[in-house]
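Q:
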Amino acid sequence: MAPSTTTDAPFGRMLTAMVTPFLPDGGVDYDGAARLATHLVDERRHDGLVVNGTTGESPTTSDDEKGRLLRAVIEAVGDRAVIVAGAGTNHTEHSLELARQAEAAGAHGLLVVTPYYNKPPQEGLVRHFTAVADATGLPTMLYDIPGRAGVPIENDTLLQLAEHPRIAAVKDAKGDLFGASRVMAATDLVWYSGDDNLNLPWLSVGAAGFVSVVGHVVGAELHEMIDAYLAGEHGRALDIHRRLLPVVTAIMTRTQGAIAVKAALNLLGLPGGGPLRAPLVEATPEFAARLREDLTIGGVKVPEAAIPEVAR
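Residues in the sequence shown are numbered consecutively from 562, following the working numbering.
This is the structure:
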């Protein structure tokens, strides 16, 4: 059974798109994934996790690996956190297969990204998202990220998709706060910030919470920001936003997200800080040294033993 949620936050409020830990031989570290999920939920105040998303290097994991990874995370924390399975691809039939696999594994919801690279027209998006939503009984979060997909989900398209009973939310990495405000005002779609740079601004226009990347290291602080904002303590929320600026800058702007997060997890001695799969590459020692400085400025305690030699 899914953890309790509310209609205004059907997937919880603080979620992170979790990395996929890999072993030195390149295999998926399922035990490491379970440990990381447990840390995020039990120690860092996560209401939910997205598994098999882009930050989880989903383009390089097989369908079998995706299923095993999802089951490992659900077994570890599925009784106390909402587990959302990435099921979107640029092939509708493949997305249907992943959605059904996720439902069979016990996922509580689906994250379905805009089909990427082939740039379908808006009618193609409607058919794609509708087909995936029809394939299971799970609530669906659309992922609007034109910078990666090459095409946005237009506002009129969102208004149309909102009529589907299982299309419940949008993870927004498009950054059109005014356009999204109009859709939120006209529909029951629930918004989640999919861009850590804009977390606080999204709250100000009605977003329910975050699907974060920097949440791997500052999830509790982001949850505190949400709590403060919803309690009307907007000054405290702003203080948290400003305190975390160095962390967000380091992880979200200087290199690819999964590379930066795995470097951060490695510095902190947490599971998930191991290898990446090609074409991604490990962070350089110089990047890790600067990352350590930025994390420290942002209030993240980095163990002394984790400081790379280049930073000493």
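Glycine residues also receive a C-beta, built at the ideal position from the N, C-alpha and C atoms. These figures come from a predicted structure and were not determined experimentally.
(1) Just verifying my parser: in three-state terms, what is the DSSP assignment at L659?
(2) From the DSSP output, in three-state form, read off I644 for me.
(3) Hey, quick one: how far does the alpha helix (DSSP H) through M745 stretch, first residue to last?
(4) Here's the rule: buried if 16 or more other CB atoms are within 10 angstroms of the residue's CB, otherwise exposed. What is V842?
(5) When burial is assigned at 16 or more other CB atoms within 10 Å of the CB, is L631 buried or exposed?
(6) Nearest-angstrom Cα distance between P807 and D590?
(7) Should Y753 go down as buried or exposed, given a rule of 16 or more other Cβ atoms within 10 Å for buried?
(8) Just checking, does the region 680-699 make contact with the region 714-734 on the three C-beta pairs under 8 Å criterion?
(9) Please state if the CB of D603 and the CB of L576 are separated by a distance shorter than 8 Å.
(10) Which residue from P864, F583, R688, G736 puts its Cα closest to that of G617?
(11) Please list the segments of the beta strand (DSSP E) lying wholly inside the region 675-710, counting only runs of 3 or more residues, in order along the chain.
(12) In three-state terms, what does DSSP make of D590?
A: Straight from the coordinates:
(1) helix
(2) strand
(3) 738-747
(4) exposed
(5) buried
(6) 30 Å
(7) buried
(8) yes
(9) no
(10) F583
(11) 701-705
(12) coil
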